[in-house]
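Q:
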Amino acid sequence: MAKKTILSVAVTGNQTTLQQHPDLPCTPQQIAAACITSARAGAAIAHIHVRYEDGRPSMELAHYREVVERIRDSGVDVIVNLTTGPGQRFIPGKDDPKVAAPGTTLMHPARRVEHILALKPEICSLDLNTMWSGASAVINSPESITAMAQAIREAGTKPEIEVFDSGDIHLAKALLADGVLANPPLFQIVTGIRYGFDATPQTLIYARSLLPADAEWAGFGIGRMAFPMVAQAFLLGGHVRVGLEDAVNIRKGVLAPSNAAMVEKAAHIVDELGGELATSKEARQILGLAH
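Here the sequence shown stands for residues 208 to 498, numbered as in my numbering.
Spelled out as structure tokens, the structure:
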């Protein structure tokens, strides 16, 4: 029997704006509701960022706690995957590039995992990329990654290793060899970010070829490549992801009605290609999560 496919939903992220999608979930209640309805539509994992009510990205523990508690109290079984991405951006000053300009969020790694230690989700993301992104440089030094990985392990949480280019995979393999990251690993291959992996079949095949043999992995695309990359990741034996963090349209020129509608379309793609979605219970077995 073929392995079942885990579908993750990324309901809000920190880059999509209310101007791009007026129904983007922002409050803890809205974010939790999006995770719950998406789980009912077929998502086994909910990847969660939090925001302020006006749409600004947040790192407030109270926001994370409310989202997680609302999901846990709902009775809907979905694997919670909290981000640790915020706090990695540096904007060089125009007059003195070594001085941070307004908008810089780069901070001590311990601050980026406070909510993981407090809430102990089953999964959390762990970004390995250092790259240019918009007006800022994303910086994840091996030292910071190591400190975060140690805290994540202390929380009993499995890191989802986010890789944006081939160098990130090489770094991950070094961290695995050094025991900083535990085997078997879980990778998320991010495609379509400018200056990172292209959202093409060739690139995904190449990225997959670099992964450790025992790795579980998923892949996704940004923007108009979100749904094509669902098909491509599935065909290559990977797991899949969709959501308003990654794209706002459900088809060309049509805003997605909701995260759940995007999950339903991704589920349909997997089904049409002969696959079967994993339940959250089955996803835990695939990923080796205790529950």
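Each residue gets a CB set at the ideal place from its N, CA and C atoms; glycine is no exception. Model, not experiment: these values are computed from the prediction.
#1: If I follow the unbroken beta strand (DSSP E) through Phe394, where does it start and stop?
#2: So, for Ser340: in the same chain, excluding its five sequence neighbours on each side, which residues have a beta-carbon less than 8 Å away from its beta-carbon?
#3: Just to confirm before moving on: does the CB-CB distance between Ser332 and Glu369 stay below 8 Å?
#4: Does Val461 pass the burial test, meaning 16 or more other C-beta atoms within 10 Å, or should it be called exposed?
#5: On the DSSP letters alone, give me the boundaries of the beta strand (DSSP E) that Val449 sits inside.
#6: Measuring straight from C-alpha to C-alpha, what distance separates Asp453 and His254?
#7: Could you check which residue in Ala414, Glu367, Ala356, Asn336 has the C-alpha nearest to that of Leu324?
#8: List the endpoints of the continuous alpha helix (DSSP H) containing Cys233.
#9: Touch check for the stretch 233-248 and the stretch 258-271: three-plus C-beta pairs under 8 Å?
#10: Please list the terminal residues of the continuous beta strand (DSSP E) segment that includes Pro366.
#11: Out of Ser348, Val218, Lys210, Gly386, which has the shortest C-alpha to C-alpha gap to Leu335?
#12: Report yes if the C-beta of Leu388 is less than 7 Å from at least one heavy atom of the ligand ATP; otherwise report no.
#13: Alpha carbon to alpha carbon, how far is Cys242 from Gly300?
#14: CB-CB under 8 Å to Val477, same chain, minus the five flanking residues each way: which ones, in chain order?
#15: Where does Phe404 sit, in a helix, a strand or coil, going by DSSP?
#16: Whole beta strand (DSSP E) runs in the stretch 427-475 with 3 or more residues, listed along the chain?
#17: Who are the Cβ neighbours of Lys327 in its own chain at under 8 Å, not counting the five residues just before and after it?
#18: What is the DSSP secondary structure of Val154, reduced to helix, strand or coil?
#19: Go to Met355, then tell me how far its alpha helix (DSSP H) extends in each direction, as first and last residue.
A: So, to answer that:
#1: By 1-based counting over the sequence shown, the position of residue 394 is 187. Here the beta strand (DSSP E) through Phe394 covers 393-398.
#2: Position 133 of the sequence shown holds residue 340. If we look at Ser340 and ignore the five residues flanking it on each side, its Cβ neighbours are Arg296, Ile400, Arg401, Tyr402.
#3: Working through the sequence shown from its first residue, we reach residue 332 at position 125. Working through the sequence shown from its first residue, we reach residue 369 at position 162. Taking 8 Å as the Cβ cut-off, Ser332 and Glu369 qualify as a contacting pair.
#4: Residue mapping note: residue 461 aligns to position 254 of the sequence shown, counting from 1. By the beta-carbon neighbour count (other beta carbons within 10 angstroms, threshold 16), Val461 is exposed.
#5: Counting from one through the sequence shown, the residue named residue 449 turns up at place 242. It spans 446-449 - the beta strand (DSSP E) in which Val449 sits, taken as one unbroken run.
#6: Your numbering for residue 453 matches position 246 in the sequence shown. Your numbering for residue 254 matches position 47 in the sequence shown. Looking at the two C-alpha atoms, the distance is approximately 11 Å.
#7: For the purposes of this step, residue 324 is taken as the residue at position 117 of the sequence shown. Minimum Cα distance to Leu324 is reached at Ala356.
#8: Taking the first residue of the sequence shown as 1, we reach residue 233 at position 26. Unbroken run through Cys233: none, as it is neither H nor E.
#9: yes
#10: On the sequence shown, position 159 is the one that residue 366 refers to. 365-370 is the span of the beta strand (DSSP E), which, as asked, contains Pro366.
#11: Within the sequence shown, numbered from 1, the residue matching residue 335 stands at position 128. Selected option, being the one with the closest Cα: Ser348.
#12: Ligands displayed in this structure: none; no statement on the ligand ATP is therefore possible.
#13: By 1-based counting over the sequence shown, the position of residue 242 is 35. By 1-based counting over the sequence shown, the position of residue 300 is 93. Between Cys242 and Gly300, the C-alpha separation is close to 38 Å.
#14: As a working note, residue 477 is residue 270 in the sequence shown. Excluding sequence positions up to five before and after Val477, its CB lies within less than 8 Å of the CB of Thr212, Leu214, Val437, Phe441, Val447, Glu483, Leu484, all in the same chain and listed in chain order.
#15: Stepping through the sequence shown from its first residue, residue 404 is reached at position 197. In the structure shown, Phe404 sits in coil (DSSP, three-state: anything other than H, G, I, E or B).
#16: 446-449, 456-458
#17: As a first step, residue 327 is located in the sequence shown; it is residue number 120 there, counting from the start. Counting only Cβ-Cβ distances below 8 Å, and skipping sequence neighbours, we find Ala362, Gly363, Thr364.
#18: The chain is shown only over 208 to 498; residue 154 falls outside these bounds and no answer can be derived.
#19: Residue numbering aside, residue 355 sits at position 148 when the sequence shown is read from its first letter. Per DSSP, Met355 belongs to the alpha helix (DSSP H) from 349-361.
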